[in-house]
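Novice:
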DNA sequence: TGACATTGACTGACCAGTCAGTCATATATG
DNA sequence: CATATATGACTGACTGGTCAGTCAATGTCA
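Chains as they are written, first to last, in my numbering: chain A, 1150 to 1384; chain B, 1150 to 1384.
Okay, here's the thing in structure tokens:
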């Protein structure tokens, strides 16, 4: 019943599709076979779903997010979500995967930094503030803290992919700093969490208290580095 | 469509509830009568509901908590909850409010330490680990982080009652430490968050990652104090 | 007895996940 | 090149179950 005439597709679902088609035609010169039209569009849909899920999960948390809303925001039918993701939880995990894991590469400090360890950590802190604390990724981190205990699979994944790797890299940097004489508290290598803690606090602060008391996260992290390295000479 | 999800039904409307109704009646001293049987029992019921709600909300978060479960755990019928609280949201807010008060006593750093500032902070850290990180109070903190953005009233309350006071007291301690020459980074007084950050991380760690990598929180906090005060002489 | 407290079955809304059907696109064929 | 057929991505109404909040009936106390 209620056959919907062909206009159906152009109603809500089209924006992505049309631009996708246009882009693809422009981008595909006559020669070799690029990714097929279909596969490309499927990939774009998937992306749109993840982007929409990002907004919805951040705004409402896991349990309160409705997949109907995600679908509407993505310009897609609800069933389409299930073509790409097993269920709501899988969608959430995928979200963490795509939004956070790529950051590791950027956040993981180089093994042998060219300059001083302090400089490396300052760059690290800056990146963290820029890419996480002041963006919606920060909310995602908060969301993991919030939902982690109820979704052990997510907490496990996050620990494996982000926390353990990040801390290992941090530990390496600290040991380098100790070896070079920049850091004078050798036990710090056992607790790399200490180095990251203020950054995490900054993330949480931005979400909860920024309007009560704005926080200059970068300045705070610099002071923290002063503690670790002894007071800085210049800034 | 775009119905507000069920947990937000009453949205911002839920201001402070008239929750103290039963208490007031019980406490009304005027009459010669001692606490009436009825009022006493009502107060007990109310307490039982709040206690049960505490467990359930901690374990499941706001959205996933069922009031049927709260009622069963409290040993009352579901309708009874609505005799004491306007709705689920009011119960949640009231719960956090009443649970925070005991937190304040535990979290507030001492205003004027008898001995050295380092000793005061070490005692503070110890208390924090004992009373918060390793108890359900820690979960309460996590709960505030989790639900805070969706319950601004709670985040406000928490900021006012716990965060701002705690940080003010901490700032006082830091300034004392600077004046006494124990602390050599004067900017630290501008960011008392730095001193508390590892403790917060410990709380979160216990909830999320303890089984992957157990954390000796007290040892970590001692190392952090080493950073702040210079290496300790003895342990 | 009358006033108030309590109950729990019930309602109405809500929502994750399903699946039979549609249709644009790709491929095969004339 | 034009037409026929096959494919599978996509749709959205529907189901089965869940749960917040209500209220008529049933206690219970003063």
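Beta carbons are placed, not taken as given, at the ideal position from N, Cα and C, and that holds for glycine.
Mind listing which residues of the segment 1284-1295 of chain B have their C-beta closer than 9 Å to chain A's C-betas, in chain order?
Specialist: Answer in chain order: 1288, 1291, 1292, 1293, 1294, 1295.
Novice: Just how far apart, CA to CA, sit residue 1178 of chain A and residue 1191 of chain A?
Specialist: What you label residue 1178 of chain A is simply residue 29 of the first chain in a count that begins at 1. What you label residue 1191 of chain A is simply residue 42 of the first chain in a count that begins at 1. Below a pLDDT of 50, predicted positions are generally treated as unreliable, and residue 1178 of chain A, at 38, falls in that range; no measurement from the model is reported.
Novice: Can you find a CB in chain A that lies within less than 8 Å of the CB of residue 1385 of chain B?
Specialist: There is simply no residue 1385 of chain B to check, as chain B begins at 1150 and stops at 1384 in what is shown.
Novice: In the DSSP assignment, find the unbroken alpha helix (DSSP H) run with residue 1285 of chain B in it and report its ends.
Specialist: Start at 1 with the first residue of the second chain, and residue 1285 of chain B comes out as number 136. From DSSP, the alpha helix (DSSP H) with residue 1285 of chain B extends over 1285-1296.
Novice: Given a cut-off of 8 Å on the beta-carbon distance, is the pair residue 1210 of chain A and residue 1292 of chain A in contact?
Specialist: The residue you call residue 1210 of chain A lines up with position 61 of the first chain. The residue you call residue 1292 of chain A lines up with position 143 of the first chain. Yes. Within cutoff.
Novice: Run through the segment 1292-1341 of chain A for me and flag every whole alpha helix (DSSP H) of 4 or more residues, listed as ranges in chain order.
Specialist: Whole alpha helix (DSSP H) segments, 4+ residues: 1301-1307, 1313-1328.
Novice: In angstroms with no decimal places, state the Cα-to-Cα distance between residue 1323 of chain A and residue 1332 of chain A.
Specialist: Indexing the first chain from 1 puts residue 1323 of chain A at position 174. Indexing the first chain from 1 puts residue 1332 of chain A at position 183. If I take the Cα positions, the gap works out to 7 Å.
Novice: Using the C-alpha atoms, what's the distance from residue 1234 of chain B back to residue 1287 of chain A?
Specialist: Locating residue 1287 of chain A in the first chain gives position 138, where the first residue counts as 1. Locating residue 1234 of chain B in the second chain gives position 85, where the first residue counts as 1. Straight-line Cα distance between these residues: approximately 34 Å.
Novice: Can you list, in chain order, the residues of its chain whose CB lies under 6 Å from that of residue 1269 of chain B, leaving out five sequence neighbours each side?
Specialist: Here residue 1269 of chain B refers to the residue found at position 120 when the second chain is read from its first residue. Correct list, in chain order: 1259, 1262.
Novice: Can you round the beta-carbon distance between residue 1336 of chain B and residue 1375 of chain A to whole angstroms, since I take them to be within the 8 Å contact cut?
Specialist: Position 187 of the second chain, counted from the first residue, corresponds to residue 1336 of chain B. Position 226 of the first chain, counted from the first residue, corresponds to residue 1375 of chain A. Residue 1336 of chain B to residue 1375 of chain A, Cβ: 7 Å. Contact.
Novice: Reducing DSSP to helix, strand and coil, say where residue 1263 of chain A ends up.
Specialist: Working through the first chain from its first residue, we reach residue 1263 of chain A at position 114. Looking at residue 1263 of chain A - three-state DSSP - the assignment turns out to be coil, as it is neither helix nor strand.
Novice: Using only alpha-carbon positions, find the residue among B/1201, B/1352, B/1208 that is nearest to residue 1281 of chain B.
Specialist: Numbered from 1 along the second chain, position 132 holds the residue referred to as residue 1281 of chain B. Taking only the C-alpha atoms, the option nearest residue 1281 of chain B is B/1352.
Novice: Do the segment 1193-1207 of chain B and the segment 1288-1307 of chain B touch if we need at least three Cβ pairs shorter than 8 Å?
Specialist: As far as the Cβ criterion goes, the segment 1193-1207 of chain B touches the segment 1288-1307 of chain B, which means the pair count is three or higher.
Novice: Could you tell me the boundaries of the alpha helix (DSSP H) in which residue 1400 of chain B lies?
Specialist: The structure shown does not extend to residue 1400 of chain B, since chain B is modelled only from 1150 through 1384, so no value can be given for it.
Novice: Mapping the DSSP letters down to three states, classify residue 1361 of chain B as helix, strand or coil.
Specialist: Taking the second chain and counting its residues from 1, one reaches residue 1361 of chain B at position 212. Coil at residue 1361 of chain B, not helix or strand.
Novice: Is the CB-CB distance between residue 1357 of chain A and residue 1298 of chain B below 8 Å?
Specialist: For the purposes of this step, residue 1357 of chain A is identified with residue 208 of the first chain, where counting begins at 1. For the purposes of this step, residue 1298 of chain B is identified with residue 149 of the second chain, where counting begins at 1. Yes, they are a contact pair.
Novice: Let's see if you can read the secondary structure: which residues bound the alpha helix (DSSP H) around residue 1248 of chain B?
Specialist: Numbered from its first residue, the second chain carries residue 1248 of chain B at position 99. Taken as a continuous stretch (DSSP letters only), the alpha helix (DSSP H) holding residue 1248 of chain B covers 1237-1256.
Novice: Find out if the Cβ-Cβ distance for the pair residue 1197 of chain A, residue 1224 of chain A is shorter than 8 Å.
Specialist: One-based indexing of the first chain puts residue 1197 of chain A at position 48. One-based indexing of the first chain puts residue 1224 of chain A at position 75. Yes.
Novice: Short of 7 Å Cβ to Cβ, which residues in the segment 1302-1324 of chain B face chain A?
Specialist: Cβ contacts with chain A come from 1304, 1308, 1312.
Novice: Take the Cβ of residue 1402 of chain B as the centre, count every other Cβ of all protein chains shown within 10 Å, and call the residue buried at 16 or more, exposed below.
Specialist: With chain B running from 1150 to 1384 in the structure shown, residue 1402 of chain B is simply not present.
Novice: Using a 10 Å radius around the Cβ and a threshold of 16 neighbouring Cβ atoms, would you call residue 1330 of chain B buried or exposed?
Specialist: Taking the second chain and counting its residues from 1, the one referred to as residue 1330 of chain B is at position 181. It counts as exposed.
Novice: The alpha helix (DSSP H) spanning residue 1229 of chain B covers which residue range?
Specialist: By one-based count along the second chain, residue 1229 of chain B stands at place 80. Counting along the chain, the alpha helix (DSSP H) containing residue 1229 of chain B begins and ends at 1227-1233.
Novice: Just confirm the distance between the C-beta atoms of residue 1367 of chain B and residue 1278 of chain B, as a whole number of angstroms; I'd bet it's less than 8 Å.
Specialist: For this step, residue 1367 of chain B is matched to residue 218 along the second chain. For this step, residue 1278 of chain B is matched to residue 129 along the second chain. Going by Cβ atoms, the distance from residue 1367 of chain B to residue 1278 of chain B rounds to 5 Å, so yes, they are a contact pair.
Novice: Kindly list, in the order they appear in chain A, the residues whose Cβ is closer than 8 Å to that of residue 1297 of chain B.
Specialist: Numbered from its first residue, the second chain carries residue 1297 of chain B at position 148. Correct list: 1356, 1357.
Novice: With a CB to CB cut of under 7 Å and the five nearest residues on each side skipped, what residues in its chain are close to residue 1265 of chain A?
Specialist: As a working mapping, residue 1265 of chain A is identified with position 116 in the first chain. Taken in chain order, the residues that qualify are 1331.
Novice: Taking the C-alpha atoms as reference points, what is the distance between residue 1220 of chain B and residue 1243 of chain B?
Specialist: Numbered from its first residue, the second chain carries residue 1220 of chain B at position 71. Numbered from its first residue, the second chain carries residue 1243 of chain B at position 94. Distance between the alpha carbons of residue 1220 of chain B and residue 1243 of chain B: 16 Å.
Novice: Give the secondary structure of residue 1215 of chain A by DSSP, where H, G and I count as helix, E and B as strand, and everything else as coil.
Specialist: One-based indexing of the first chain puts residue 1215 of chain A at position 66. Of the three classes helix, strand and coil, the one that applies to residue 1215 of chain A here is coil, per DSSP.
Novice: Let me see if you follow: with CB-CB separation under 8 Å, is residue 1240 of chain B close to chain A or not?
Specialist: Mapped onto the second chain, residue 1240 of chain B falls at position 91. Taking Cβ atoms only, chain A never reaches closer than 8 Å to residue 1240 of chain B, which makes this a no.
Novice: Check the C-beta distance from residue 1250 of chain A over to residue 1334 of chain A and give it rounded, since I have them as a contact under 8 Å.
Specialist: Walking along the first chain from the start, residue 1250 of chain A turns up at place 101. Walking along the first chain from the start, residue 1334 of chain A turns up at place 185. Not confirmed; about 31 Å, so no contact.
Novice: What three-state label does DSSP hand residue 1224 of chain A in the structure shown?
Specialist: Working through the first chain from its first residue, we reach residue 1224 of chain A at position 75. It is coil, neither helix nor strand.
Novice: Taking its Cβ as the centre, do 16 or more other Cβ atoms sit within 10 Å of residue 1347 of chain B, making it buried, or is it exposed?
Specialist: As a working note, residue 1347 of chain B is residue 198 in the second chain. Buried: at least 16 other Cβ atoms inside 10 Å.
Novice: So, is residue 1248 of chain B buried or exposed, given that buried needs 16 or more other C-beta atoms within 10 angstroms?
Specialist: On the second chain, position 99 is the one that residue 1248 of chain B refers to. Answer is buried; the Cβ neighbour count reaches 16.
Novice: Quick one: does residue 1412 of chain A have its CB under 8 Å from some CB of chain B?
Specialist: Residue 1412 of chain A lies beyond the range of chain A shown here (1150 to 1384); nothing can be said about it.
Novice: Take the Cβ of residue 1284 of chain B as the centre, count every other Cβ of all protein chains shown within 10 Å, and call the residue buried at 16 or more, exposed below.
Specialist: The residue you call residue 1284 of chain B lines up with position 135 of the second chain. By the 10 Å Cβ count, residue 1284 of chain B comes out exposed.
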